[in-house]
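Numbering (this note's numbering), first residue to last: 1166 to 1470. Cβ coordinates follow ideal geometry from the N, Cα and C atoms, glycine included. Quick caveat: nothing in here was measured; it's all calculated off a predicted structure. As structure tokens, the structure follows; a few thoughts come after it.
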Ligand code: 3PG
């Protein structure tokens, strides 16, 4: 069996070593395609492999058609909006993610961005503190839970909205539940986004929702850029000069954001929430183990299609 690790944004070396160990211990062969720049390289690399480990790499119908011997794709991470699930199912390919494995890394970055925002981008001027501020966690999955855990240490007053997570699960963590997304935005000084990109959520962070936030509010996005209605965010930020946007996913209109909102907009150059050795090791090795479990024993826990 041939297992491909296709990562345009590579894992730390220590994680790749761990993945190799898992794959070779099972008697399989590991092939690496890192930092590739053209889709053609991916199309070529998938031709004769049985399994692929990816991150945000795009696995579309064309890639799946080129991967004639493919049985499984594991997205080493949480969001699998980069995989065409329908095409995968049509090709008889199992798709999995590795839920929770990189969640702490993303949550730490979200809190880091909050500190960076309230301390005026570390420019030396007098800022504010996180303690006592109302934090709104938009979606209470693995990352949202870790954000709540860390935010407690900062002494924040924590709220969450999640359409799918039972109220009791959230309350057990000492987090207050609000009944609607609007209520979260009306109430909170800082909103941390943790919704996946789905047909329902795409563009859902729009003008009418943003318009509900209190004065001086901050939106932190370590989720996906697609959930933001960028044109409406720009319109809102032009009107609301008190509002800050911090993102780990560079908007399509990044240059415009920089030009218009230099002092209250920040984007990382490349999505780096999950870019730690620990997260790479956790997610990468989990992906390798899930592949071995599937190919050898038919275990399909974490299958998403
Ligand atoms: C995820 O969905 O797991 C995160 O967004 C991390 O994505 P990455 O593996 O591309 O850094």
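Not one heavy atom of ligand 1 lies closer than 7 Å to the C-beta of residue 1442.
Runs of the beta strand (DSSP E) lying entirely within the segment 1366-1446 and spanning at least 3 residues, in chain order: 1383-1386, 1409-1412, 1430-1432. Only residues of its own chain outside the window of five on either side were considered, and among them 1279, 1280, 1283, 1319, 1321 have a CB closer than 7 Å to the CB of residue 1295, listed in chain order. For residue 1194, the enclosing beta strand (DSSP E) covers residues 1194-1199.
Ranked by Cα distance from residue 1329, the options 1353, 1317, 1359 are led by 1359. In the same chain as residue 1429, and ignoring 5 residues on each side of it, the C-beta atoms closer than 6 Å to its own belong to 1409, in chain order.
Closer than 7 Å to some heavy atom of ligand 1: that does not describe the Cβ of residue 1451. When DSSP states are grouped into helix, strand and coil, residue 1278 belongs to the helix group. Between residue 1435 and the set 1193, 1343, 1414, the nearest pair of CA atoms involves 1414. Residue 1461 is classed as exposed because its beta carbon has fewer than 16 other beta carbons within 10 Å across all chains shown. Distance check between residue 1388 and each of 1399, 1425, 1354, 1438 places 1438 closest, using alpha-carbon atoms only. Rounded to whole angstroms, residue 1332 and residue 1340 show a C-alpha spacing of 10 Å. DSSP, read as helix, strand or coil, puts residue 1240 in strand. Taking a contact as a CB-CB distance under 8 Å, the pair residue 1264 and residue 1232 does not count as one, their CB atoms being some 24 Å apart. With contacts defined by Cβ atoms closer than 8 Å, residue 1222 and residue 1173 form a contacting pair. Counting other Cβ atoms within 10 Å of its Cβ, residue 1357 reaches 16 or more and is therefore classed as buried.
Residue 1335 carries a helical assignment under DSSP once its states are collapsed to helix, strand and coil. Relative to ligand 1, residue 1200 has its C-beta separated by 7 Å or more from all heavy atoms. The segment 1245-1313 contains, as complete alpha helix (DSSP H) runs of 4+ residues, the segments 1250-1255, 1268-1283 (chain order). For residue 1456, the secondary structure class from DSSP, reduced to helix, strand or coil, is helix.
Ranked by Cα distance from residue 1366, the first of 1303, 1455, 1275 is 1303.
By the 16-neighbour rule on beta-carbons within 10 angstroms, residue 1406 is exposed. In the displayed model, residue 1171 falls within a strand according to three-state DSSP. Looking at the DSSP output, residue 1450 bridges to nothing.
The alpha-carbon separation between residue 1425 and residue 1188 amounts to approximately 49 Å. Beta-bridge pairing by DSSP links residue 1342 to 1325. CA-to-CA, the gap between residue 1392 and residue 1326 works out to about 16 Å. Not one heavy atom of ligand 1 is found less than 7 Å from the C-beta of residue 1385. For residue 1268 against residue 1215, the beta-carbon gap comes to about 28 Å, at or over 8 Å, which does not count as contact.
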